[in-house]
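Read through the structure below, which is laid out as structure tokens, and then see the notes.
Protein chains: 2
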Amino acid sequence: MVVLEVAQFEIKPGMEQEFEEGARKAVPLFRRAKGCTSMKLLRSVENPAHYRLFVRWATLEHHTVDFRESNDFQEWRKLVGHCFAAAPNVEHVHEAMDGF
Amino acid sequence: MVVLEVAQFEIKPGMEQEFEEGARKAVPLFRRAKGCTSMKLLRSVENPAHYRLFVRWATLEHHTVDFRESNDFQEWRKLVGHCFAAAPNVEHVHEAMDGF
Chain A
1 MVVLEVAQFE
11 IKPGMEQEFE
21 EGARKAVPLF
31 RRAKGCTSMK
41 LLRSVENPAH
51 YRLFVRWATL
61 EHHTVDFRES
71 NDFQEWRKLV
81 GHCFAAAPNV
91 EHVHEAMDGF
Chain B
101 MVVLEVAQFE
111 IKPGMEQEFE
121 EGARKAVPLF
131 RRAKGCTSMK
141 LLRSVENPAH
151 YRLFVRWATL
161 EHHTVDFRES
171 NDFQEWRKLV
181 GHCFAAAPNV
191 EHVHEAMDGF
């Protein structure tokens, strides 16, 4: 079952551009991650320091096991981790209904 | 600028199917809403009582003004509101980066 990882990040004041740049540099890490089929970064309108990363995985374990135990996960955190104001909030969702 | 509404709902225990059924019945309300181009319901893997509704709008005001002030918004809340365990959390996001 396809799952969407929804990771929420609160970024330290003034580090938004650095965070976005780090996320851009991390695109190849996700591109080559097993089972990963898309990655997008969303920014909150109401609170511009609040971002969401949407990453689509073929199965939950492609993210929670394969990716998280890989060197590329460490690399990802090196690129963006210093911009986090708090620990990220990560949840996985699956589609309950495709309205249109 | 296209915005994605991310609405988070905590559903009362045992009312998940009723909530999903209400959301299904509400599809036509969103289909005819001005500026609304897609609507999907996502369910959390970690907490199955936690849902997210993703609704894509042509502009923020199509949601916050046109839809929220419409009779169809009242209709939507009639279909699902009794299933909410708490007030929904609604945020709007725009795409900061389309990785792939």
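Protein chains in written order, with the working numbering: chain A, 1 to 100; chain B, 101 to 200.
No residue lacks a Cβ here, since even glycine has one placed at the ideal position from N, Cα and C.
Just to confirm, are T59 of chain A and V6 of chain A a CB contact at a threshold of 9 angstroms?
Result no, Cβ atoms of T59 of chain A and V6 of chain A do not sit closer than 9 angstroms.
Element boundaries [alpha helix (DSSP H), containing A123 of chain B]
Residues 116-125.
At a CB distance below 7 angstroms, what residues from the segment 167-184 of chain B approach chain A? Give them in sequence order.
For the segment 167-184 of chain B, which is checked against every Cβ of chain A, not one residue is closer than 7 angstroms.
Chain-ordered chain A contacts of F109 of chain B [CB-CB under 7 angstroms]
Those do not exist, as F109 of chain B stays about 11 angstroms from chain A at its closest Cβ, beyond 7 angstroms.
Mapping the DSSP letters down to three states, classify N89 of chain A as helix, strand or coil.
Secondary structure of N89 of chain A (DSSP, three-state): strand.
Can you check whether the CB of L29 of chain A is closer than 9 angstroms to the CB of M197 of chain B?
Contact flag unset, no.
Any Cβ of chain B within less than 9 angstroms of the Cβ of E91 of chain A?
Put simply, the CB of E91 of chain A is near chain B, with a gap under 9 angstroms to one of its CB atoms.
Note down the Cα distance separating H50 of chain A from S44 of chain A, rounded to an integer number of angstroms.
Rounded to the nearest whole angstrom, the CA to CA distance from H50 of chain A to S44 of chain A is 6 angstroms.
Span of the alpha helix (DSSP H) around E75 of chain A
In the DSSP assignment, E75 of chain A falls within the unbroken alpha helix (DSSP H) covering 71-80.
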